[in-house]
Amino acid sequence: MPPYDIIIIGSGPAGYTAGFAAVKYGLKAAIIERDLSRLGGVCLSEGCIPLKGLIYHARSKGGYGAVRDLVMERVEQIRSGLKSRLQAQGVDLIQGRAVFASRDELRVDGESFAAKHYIIAVGSSPKRHFYNPTVHTSETIFELDAVPERILIIGGGVVGCEYASFLSAVGAKVDIVELLDSPLYGEDEETVRVLLREFKKRNIDVFAKSRIADIGTGGEVIIENGKKIRNTYGMIFETTGRVPNTADLGLEAAGVKRTDKGFIAVNEFLQTSAGTVYAAGDCIDTPMLAYAAAREAETAVRHLATGTAMKIDYAVMPRLVFASPQVGSVGRVADRAVERNGGLKIYKYFFRALGKPVMEGRDVGFVKLAVDRDADTIIGASAVGDDIADIMNLLALIVKSGMKVTDIKECMFVHPSYSEIIVEALQYGG
């Protein structure tokens, strides 16, 4: 019998969550990671955790160097705790490059490993269109010793808007070039308009419907948007998306199929074409979010352990951009939902009408709720504000559970608080 019930390739949110889930089901698990100094994956090393830390501490901790050093110290503290918890629960941590020799065997730097099941959780890497000494990605930005006065960000998606918020907070003039009609394209247009207004106040300019025509070796850039705009930047930061890390894994030897885009193909239970091999996280074609990856890992482990699992409902998964201000949504985006369904009613309420946000000087934005009149339930919500993450979690629970509006109105929320805006919106925002 193989010594392991599960071998997990990759140690990001999908990988380490799979390790903890395996223990819960009484399974012996190992995690294989190319570089254990990066345990926790992109999320912990250069993504979710450090980026949000940079944005938070930039408010009060001074220049880039001080903020970066503080954040990376905290990252290592979290990494140490994660490693200790995995080892304490009996999950083996193996450093090396894993390649499938067959469906039943992995080779890790020449050594053979076998398990009853495998979970591929190898994550993704930044997409590159521009190769130039002045062009950085999320993998290299922490190598900077100082932030230049003027920075260009190519791509107005989640990562671009979040880094723009941090870099402007530590004193840089930031320009964003976005090919589509606006940054965060597809989010509620009202929330994006508030974001753009606040960006302007923070010395962030957005060039929408624009493209990069040329980048010189000295940071000279030509931007095209019907006319040619020439600027010179001390740093250029590319945030044009991510690609799955699915090459050089020996997937063909294992019988694991990929999609045309290079993602690992899975069914609703995260099972690949090789029945004993599962995949989760950024290497499959689902939202590239840490909490989505974690849920996928839990689903995969439960399915391989019990033969059953609940399908993941991505439609009620909250989305949040940790920009300044934050932009979030869950379910159907409110303004588009109204266009599709005349049976909806929109409730909207502003943070400036609440005591706590005003007192703390964080009263930008609003919450907007889309209510199904017949069912008396909230089917979608969008929000923009200085601190809305916990509000979005609460709204996701409300949308997922189908909680009645009449029941929500009867709940007594703590006052003063940010989350009381939900009840206030339903009471007075119609």
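Using our numbering, the letters of the sequence shown correspond one by one to residues 155 to 584. All residues carry an ideal CB built from backbone N, CA and C; glycine is no exception.
Three-state secondary structure (DSSP) at Thr-460? Within the sequence shown, numbered from 1, the residue matching residue 460 stands at position 306. Correct three-state label for Thr-460: helix.
Pairwise C-alpha distance: Gly-485 and Arg-347: Here the question's residue 347 lines up with position 193 in the sequence shown. Here the question's residue 485 lines up with position 331 in the sequence shown. Each residue's alpha carbon lies about 20 Å from the other.
For Arg-282, which option in Ala-419, Phe-296, Ile-308 and Asn-357 has the closest C-alpha, if you only look at C-alpha atoms? For the purposes of this step, residue 282 is taken as the residue at position 128 of the sequence shown. When each option's Cα is compared against that of Arg-282, the closest is Ile-308.
Beta bridge counterpart(s) of Glu-531 as assigned by DSSP: Taking the first residue of the sequence shown as 1, we reach residue 531 at position 377. Going by the sequence as given, residue 531 is Thr instead of Glu. DSSP lists Asp-526 and Lys-558 as partners of Thr-531.
Could you please give the first and the last residue of the uninterrupted beta strand (DSSP E) stretch that includes Tyr-158? On the sequence shown, position 4 is the one that residue 158 refers to. Segment 158 to 163, the beta strand (DSSP E) holding Tyr-158.
Backbone CA spacing between Glu-343 and Gly-235 [nearest angstrom]: In the sequence shown, residue 343 corresponds to position 189, counting from 1. In the sequence shown, residue 235 corresponds to position 81, counting from 1. A direct Cα-to-Cα measurement between Glu-343 and Gly-235 gives close to 40 Å.
What does DSSP give as the partner residue(s) for Ser-364 in the beta ladder? For this step, residue 364 is matched to residue 210 along the sequence shown. Paired residue(s): none; Ser-364 is not in a bridge.
For Ala-242, is the classification buried or exposed, using 16 other Cβ atoms within 10 angstroms of its Cβ as the cut-off for buried? Stepping through the sequence shown from its first residue, residue 242 is reached at position 88. Label assigned to Ala-242: exposed.
From what residue to what residue does the beta strand (DSSP E) around Val-375 run? In the sequence shown, residue 375 corresponds to position 221, counting from 1. Per DSSP, the unbroken beta strand (DSSP E) holding Val-375 starts and ends at 374 to 378.
What residue range is occupied by the uninterrupted beta strand (DSSP E) comprising Met-389? Counted from its first residue, the sequence shown places residue 389 at position 235. 389 to 392 is the span of the beta strand (DSSP E), which, as asked, contains Met-389.
Give the DSSP bridge partners of Pro-472, in chain order. In the sequence shown, the residue the question calls residue 472 occupies position 318. Per DSSP, none; premise fails for Pro-472.
Start and end of the beta strand (DSSP E) containing Arg-239? Translated into the one-based positions of the sequence shown, residue 239 becomes position 85. Annotation: Arg-239 is outside any beta strand (DSSP E); the continuous alpha helix (DSSP H) that includes it extends over 218 to 242.
Backbone CA spacing between Thr-116 and Val-538 [nearest angstrom]: Lying outside 155 to 584, the shown extent of the chain, residue 116 is not represented and no answer is given.
Can you check the stretch 277 to 331 for any beta strand (DSSP E) of at least 3 residues that lies completely inside it and give the ranges in chain order? Within the stretch 277 to 331, the complete beta strand (DSSP E) runs of at least 3 residues fall at 278 to 280, 304 to 308 and 327 to 331.
Quick check on the burial criterion: 16 or more other C-beta atoms within 10 angstroms. Buried or exposed for Thr-171? Along the sequence shown, read from residue 1 onward, the residue named residue 171 stands at position 17. Per the 10 Å Cβ criterion, buried.
Is it true that the CB of Thr-426 sits closer than 9 Å to the CB of Ile-274? As a first step, residue 274 must be located in the sequence shown, where it is residue number 120. As a first step, residue 426 must be located in the sequence shown, where it is residue number 272. Going by C-beta atoms, Ile-274 is nearer than 9 Å to Thr-426.
At what residues does the alpha helix (DSSP H) containing Ile-209 begin and finish? Working through the sequence shown from its first residue, we reach residue 209 at position 55. 202 to 211 is the span of the alpha helix (DSSP H), which, as asked, contains Ile-209.
Can the beta-carbon of Ala-419 be found closer than 9 Å to that of Thr-413? Reading the sequence shown from its first residue, position 265 is the one you call residue 419. Reading the sequence shown from its first residue, position 259 is the one you call residue 413. Yes, the pair counts as a contact, with Cβ atoms nearer than the cut-off.
So, Ile-542 versus Val-512, is the Cβ gap smaller than 9 Å? If you number the sequence shown from 1, residue 542 lands on position 388. If you number the sequence shown from 1, residue 512 lands on position 358. Between Ile-542 and Val-512, the C-beta spacing is not below 9 Å.
Span separating the alpha-carbon of Val-253 from that of Leu-405: To locate residue 253, count along the sequence shown from 1; it is residue 99. To locate residue 405, count along the sequence shown from 1; it is residue 251. Val-253 and Leu-405 have their C-alpha atoms some 8 Å from each other.
Which residue or residues does DSSP assign as beta-bridge partners of Leu-432? Looking up residue 432 in the sequence shown gives position 278. Strictly speaking, residue 432 in this sequence is Tyr, with Leu absent from that position. Bridge pairing for Tyr-432: Ile-273 and Gln-425 [DSSP].
Reducing DSSP to helix, strand and coil, say where Val-348 ends up. Residue numbering aside, residue 348 sits at position 194 when the sequence shown is read from its first letter. Reduced to three states, the DSSP call for Val-348 is helix.
Considering only the beta carbon of each residue, do Val-324 and Tyr-218 sit closer than 9 Å? Within the sequence shown, the letter at position 170 stands for residue 324. Within the sequence shown, the letter at position 64 stands for residue 218. Their beta carbons are under 9 Å apart, which means Val-324 touches Tyr-218 by this criterion.
C-alpha distance - Gly-164 paired with Arg-251, whole-angstrom precision: The residue labelled residue 164 in the question sits at position 10 within the sequence shown. The residue labelled residue 251 in the question sits at position 97 within the sequence shown. Using only the alpha carbons, I get a separation of about 10 Å.
Ordered along the chain, which non-local residues of its own chain (more than five positions away) have a Cβ less than 8 Å from that of Phe-361? Residue 361 sits at position 207 when you count from the first residue of the sequence shown. Taken in chain order, the residues that qualify are Asp-329, Ile-330, Val-331, Glu-332, Ile-377, Asn-379 and Ile-383.
Looking only at its chain, what residues have a beta carbon closer than 7 Å to the beta carbon of Gly-416, apart from the 5 residues adjacent to it on each side? Residue mapping note: residue 416 aligns to position 262 of the sequence shown, counting from 1. Counting only residues of its own chain and dropping the five nearest sequence neighbours on each side, Gly-416 has a CB closer than 7 Å to the CB of Val-397, Pro-398 and Thr-400.
Consult DSSP for Thr-371 and reduce its assignment to one of helix, strand or coil. Here residue 371 refers to the residue found at position 217 of the sequence shown. The DSSP-derived three-state label of Thr-371 is coil.
Straight-line Cα distance separating Ala-175 from Ser-364: Sequence index remark: in the sequence shown, residue 364 carries index 210 (1-based). Sequence index remark: in the sequence shown, residue 175 carries index 21 (1-based). The alpha-carbon atoms of Ser-364 and Ala-175 are separated by roughly 45 Å.
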